[in-house]
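**Q** My questions will all concern the structure given below.
There are 2 protein chains.
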Amino acid sequence: MRFATVTPADGSTTAAVDPGDGWRRLPAPHLSAYLDEFSDRPVSGLIGEPVRPAGMALPLPAPRKVICCGLNYADHILEMGRELPAHPTLFAKYADTLTGPADDIALPPGLHVDWEAELAVVVGAEIRGAGRAEAAAAIWGYTIANDVSVRDWQKRTLQWFQGKAWDRTTPIGPVVVTADALDPAAGLEVVCRVDGVERQRGDTSSLVFDAAALVAYVSTFTRLRPGDLVLTGTPGGVGMGMTPPVYLADGAVLETEITGIGVLRNRIVVKD
Amino acid sequence: MRFATVTPADGSTTAAVDPGDGWRRLPAPHLSAYLDEFSDRPVSGLIGEPVRPAGMALPLPAPRKVICCGLNYADHILEMGRELPAHPTLFAKYADTLTGPADDIALPPGLHVDWEAELAVVVGAEIRGAGRAEAAAAIWGYTIANDVSVRDWQKRTLQWFQGKAWDRTTPIGPVVVTADALDPAAGLEVVCRVDGVERQRGDTSSLVFDAAALVAYVSTFTRLRPGDLVLTGTPGGVGMGMTPPVYLADGAVLETEITGIGVLRNRIVVKD
Numbered sequence: 074m075r076f077a078t079v080t081p082a083d084g085s086t087t088a089a090v091d092p093g094d095g096w097r098r099l100p101a102p103h104l105s106a107y108l109d110e111f112s113d114r115p116v117s118g119l120i121g122e123p124v125r126p127a128g129m130a131l132p133l134p135a136p137r138k139v140i141c142c143g144l145n146y147a148d149h150i151l152e153m154g155r156e157l158p159a160h161p162t163l164f165a166k167y168a169d170t171l172t173g174p175a176d177d178i179a180l181p182p183g184l185h186v187d188w189e190a191e192l193a194v195v196v197g198a199e200i201r202g203a204g205r206a207e208a209a210a211a212i213w214g215y216t217i218a219n220d221v222s223v224r225d226w227q228k229r230t231l232q233w234f235q236g237k238a239w240d241r242t243t244p245i246g247p248v249v250v251t252a253d254a255l256d257p258a259a260g261l262e263v264v265c266r267v268d269g270v271e272r273q274r275g276d277t278s279s280l281v282f283d284a285a286a287l288v289a290y291v292s293t294f295t296r297l298r299p300g301d302l303v304l305t306g307t308p309g310g311v312g313m314g315m316t317p318p319v320y321l322a323d324g325a326v327l328e329t330e331i332t333g334i335g336v337l338r339n340r341i342v343v344k345d
Numbered sequence: 074m075r076f077a078t079v080t081p082a083d084g085s086t087t088a089a090v091d092p093g094d095g096w097r098r099l100p101a102p103h104l105s106a107y108l109d110e111f112s113d114r115p116v117s118g119l120i121g122e123p124v125r126p127a128g129m130a131l132p133l134p135a136p137r138k139v140i141c142c143g144l145n146y147a148d149h150i151l152e153m154g155r156e157l158p159a160h161p162t163l164f165a166k167y168a169d170t171l172t173g174p175a176d177d178i179a180l181p182p183g184l185h186v187d188w189e190a191e192l193a194v195v196v197g198a199e200i201r202g203a204g205r206a207e208a209a210a211a212i213w214g215y216t217i218a219n220d221v222s223v224r225d226w227q228k229r230t231l232q233w234f235q236g237k238a239w240d241r242t243t244p245i246g247p248v249v250v251t252a253d254a255l256d257p258a259a260g261l262e263v264v265c266r267v268d269g270v271e272r273q274r275g276d277t278s279s280l281v282f283d284a285a286a287l288v289a290y291v292s293t294f295t296r297l298r299p300g301d302l303v304l305t306g307t308p309g310g311v312g313m314g315m316t317p318p319v320y321l322a323d324g325a326v327l328e329t330e331i332t333g334i335g336v337l338r339n340r341i342v343v344k345d
């Protein structure tokens, strides 16, 4: 089943579900609020009136945690000149880092802005210290992310965080597809295009640490709750891996697509 | 002036202020809620009844961001074998990482748990893209932190986050002293003791990036809001820098003290 935070024509937002015949309202303003209140209840009793989306909003505007894995596709690891890892490399974002599936990504001039198409896992239950089976059962669904990265800031110091946490630079959406309807282990194509040119194409079946493994690992040290996001890393083909490196310019259109979920389409806007 | 989240004998918590003659109630359950609602109002009109604390709670249980600086004291940088940095090294924690000034710090067996006494800056205004003067004016006050670190997890990968974000391992408190009453640039002593033995002693006047510089730098890429925390890094003397390295064992008592603020006293509890 598909869930989203949709924007009706009146400019509000509402959580919504598509049971198969179109979008219907859910009793919450967005999916973060929906999961906070209803993650332990079946959706069937909550489905309201049909709603016609004028647009799709950031589905999960208020995650408590957005934890990202780097270096998780073998081809991307090799292009960065590294060896296959024994443990996932993790870093953090905040809710402020996220933006909607069709939003402009505004950044000041002079930065080296790069793309990283990713499958994002949406947590649907509260877990800590989960084994693989519990972690797998706690996955509510999947959505698309682009971990847009400010490479010059990422590389200023040993820690990537300051290049990864610019406000409103990580688009998420456009929908969340529930885990019963999508199997990343069977192989979903993760594609990134810049101005129509394909730059990344990966397959989620080649993740070094898959969704359940990542969720279980993270839950060893911190509690995950409904609506939290775990980003699974990006395949090869990022701009900083090209010779010479290529970065996103003002006006560039960034498309991020995953089979069975949809596509993010975001424009880079460079301004002071 | 001193602010705190205190625990009266009834087990509740309340935000409180000490105008000089003892603790008085403020109209919020803790300082995070107090700053959310009243950061733009003078405290004078909000001071309520006297309250007798049975204990001190985590003063800021709900920051949206906890952003930490590593490698910020010249002596600690040198003991880690690094050069003085051109930019602050930053990493993130979440609200869940924090714990109270007298709470036990519970961790599973087998980890290399180390201490890092730090001055923490409490943000009191919403800022983004602030220069030094605006950043300095946005500092509400200062408190104490110990960035207790799981070194083996910190060093598993290039990114420190997974060793820095174990739930309930970073004690904060016991009070927040407002910026008009405390000047880190004039030199506050930051001291860490383990089982009564002094392990760290630093002076905040020797910070490479001082409080205002850090707040301004962080605000370049992300919005800071009232109640957010910026940790300023730790002086020399951590356990992993000793020969051989020394880590915190079950039952160890960790004391973290800063002149003019107070002392954190936390016991390490190792359990599955």
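Protein chains in written order, with our numbering: chain A, 74 to 345; chain B, 74 to 345. Don't be surprised by glycine CBs; every beta carbon is placed ideally from N, CA and C. Just so it is clear, the structure is predicted and the values come from calculations on it, not from any experiment.
Mind checking which residues open and close the alpha helix (DSSP H) that includes Glu-189(A)?
**A** Looking at the DSSP string, Glu-189(A) is not in any alpha helix (DSSP H), and its letter there is neither H nor E.
**Q** As a quick exercise: from Pro-92(B), Ala-135(B), Gly-84(B), Pro-102(B), pick the residue whose alpha carbon is nearest that of Arg-298(B).
**A** Here the closest residue by C-alpha is Ala-135(B).
**Q** Starting from Gln-273(B), follow its DSSP beta bridges and name the residues at the other end.
**A** DSSP lists Cys-265(B) as partners of Gln-273(B).
**Q** Taking 9 Å as the CB-CB cut-off, is Gln-138(A) touching chain B?
**A** Reading off the sequence, residue 138(A) comes out as Lys, not Gln. Cβ-Cβ to chain B under 9 Å: yes for Lys-138(A).
**Q** Which residues, in order along the segment 333-345 of chain B, keep a beta-carbon less than 9 Å from a beta-carbon of chain A?
**A** If the cut-off is 9 Å between Cβ atoms, the segment 333-345 of chain B has nothing near chain A.
**Q** Terminal residues of the continuous alpha helix (DSSP H) containing Glu-110(A)?
**A** Element bounds for Glu-110(A): 104-111.
**Q** When you compare the CB of Trp-188(B) with every CB in chain A, is at least one pair closer than 9 Å?
**A** Chain A contact via Cβ: absent.
**Q** For a test of the three-state rule: what should DSSP assign to Val-291(B), helix, strand or coil?
**A** Helix.
**Q** Taking the alpha carbon of Trp-226(A) as the point to measure from, which residue in Asp-220(A), Gly-128(A), Trp-239(A) has its own alpha carbon closest?
**A** Among Asp-220(A), Gly-128(A), Trp-239(A), the Cα nearest to that of Trp-226(A) is on Trp-239(A).
**Q** Using a 10 Å radius around the Cβ and a threshold of 16 neighbouring Cβ atoms, would you call Met-313(B) buried or exposed?
**A** Under this definition Met-313(B) is a buried residue.
**Q** In the structure shown, what three-state DSSP assignment does Val-281(A) receive?
**A** Correct three-state label for Val-281(A): coil.
**Q** Could you give the residue range of the beta strand (DSSP E) that holds Gly-246(B)?
**A** 243-251 is the extent of the beta strand (DSSP E) around Gly-246(B).
**Q** Is it buried or exposed, Pro-181(A), if we count other Cβ atoms within 10 angstroms and call 16 or more buried?
**A** When all chains shown are included, Pro-181(A) counts as exposed.
**Q** Between which two residues does the beta strand (DSSP E) holding Arg-338(A) run?
**A** Per DSSP, Arg-338(A) belongs to the beta strand (DSSP E) from 335-343.
**Q** Let me know the secondary structure DSSP gives Lys-237(B) once reduced to three states.
**A** DSSP places Lys-237(B) in helix when its eight states are reduced to three.
**Q** Could you check whether Ile-120(B) and Val-79(B) sit closer than 9 Å to each other, using their CB atoms as the reference points?
**A** No, the pair does not count as a contact, with Cβ atoms beyond the cut-off.
**Q** Roughly how many angstroms lie between the CA atoms of Ala-190(B) and Arg-205(B), to the nearest whole one?
**A** Answer to the nearest angstrom: the Cα atoms are 25 Å apart.
**Q** Once you ignore the five residues that flank Gly-236(B) on each side, which residues in its own chain have a CB closer than 8 Å to its CB?
**A** Only Ser-222, Val-223, Arg-224, Asp-225, Trp-226, Gln-227, Lys-228, Arg-229 meet the Cβ criterion.
**Q** In its own chain, which residues sit with a C-beta less than 6 Å from the C-beta of Ala-82(B), not counting the 5 before and 5 after it?
**A** Taken in chain order, the residues that qualify are Ala-127.
**Q** Would you report the Cα separation of Leu-133(B) and Trp-96(B), rounded to the nearest angstrom?
**A** If I take the Cα positions, the gap works out to 17 Å.
**Q** Going along the chain, which residues of its own chain have a beta-carbon closer than 8 Å to the beta-carbon of Val-124(B), five neighbours each way excluded?
**A** Taken in chain order, the residues that qualify are Val-79, Pro-81, Thr-87, Ala-89, Trp-96, Arg-97, Arg-98.
**Q** Considering just the uninterrupted stretch of the beta strand (DSSP E) at Ile-212(A), what are its terminal residues?
**A** 212-219 is the extent of the beta strand (DSSP E) around Ile-212(A).
**Q** How would you label Ala-258(A), buried or exposed, when you count the other beta carbons within 10 angstroms and need 16 or more for buried?
**A** When all chains shown are included, Ala-258(A) counts as exposed.
**Q** Specify the secondary structure class of Pro-257(A) as computed by DSSP and reduced to three states.
**A** Helix.
**Q** At a Cβ cut of 9 Å, what residues of the segment 310-326 of chain A count as close to chain B, listed as they run along the chain?
**A** Result list empty, no residue passes.
**Q** On a Cα-Cα basis, can you pick out the residue from Ile-331(A), Pro-318(A), Glu-199(A) that is closest to His-185(A)?
**A** Of the listed residues, the one whose Cα sits closest to His-185(A) is Pro-318(A).
**Q** Using a Cβ distance threshold of 8 Å, determine whether the segment 291-311 of chain A contacts the segment 139-148 of chain A, with at least three qualifying pairs required.
**A** Because the criterion of three Cβ pairs below 8 Å is met, the segment 291-311 of chain A and the segment 139-148 of chain A touch.
**Q** Here's a check: name, in chain order, each residue in its chain whose Cβ is nearer than 7 Å to the Cβ of Asp-323(A), leaving out the five neighbours to either side.
**A** Within the same chain, Asp-323(A) has close Cβ partners Ile-341, Val-342, Val-343.
**Q** Taking only runs that begin and end inside the segment 146-181 of chain A, name each unbroken alpha helix (DSSP H) of 4 or more residues, in chain order.
**A** You should have 147-152.
**Q** Check the Cβ of Trp-239(B) against every Cβ in chain A and list those closer than 8 Å, keeping chain order.
**A** Within 8 Å Cβ-Cβ: Phe-294, Thr-295.
**Q** What's the call for Pro-174(A), buried or exposed, on a 16-neighbour Cβ count within 10 Å?
**A** Under this definition Pro-174(A) is a buried residue.
**Q** Starting from Thr-87(B), follow its DSSP beta bridges and name the residues at the other end.
**A** In the DSSP output, where bridge partners are listed per residue, Thr-87(B) has Val-79(B).
**Q** For Val-288(A) and Ala-209(A), I'd like the C-alpha separation in whole angstroms.
**A** Each residue's Cα considered, the two are about 8 Å apart.
**Q** Three or more beta-carbon pairs under 8 Å between the segment 320-338 of chain A and the segment 265-281 of chain A, yes or no?
**A** Short answer: they touch.
**Q** Closer than 9 Å, CB to CB, is Ala-165(A) near chain B or not?
**A** Yes, Ala-165(A) counts as interfacial toward chain B.
**Q** Quick one: is Thr-170(A) near chain B, going by C-beta distance under 9 Å?
**A** True, the Cβ-Cβ gap to chain B drops below 9 Å.
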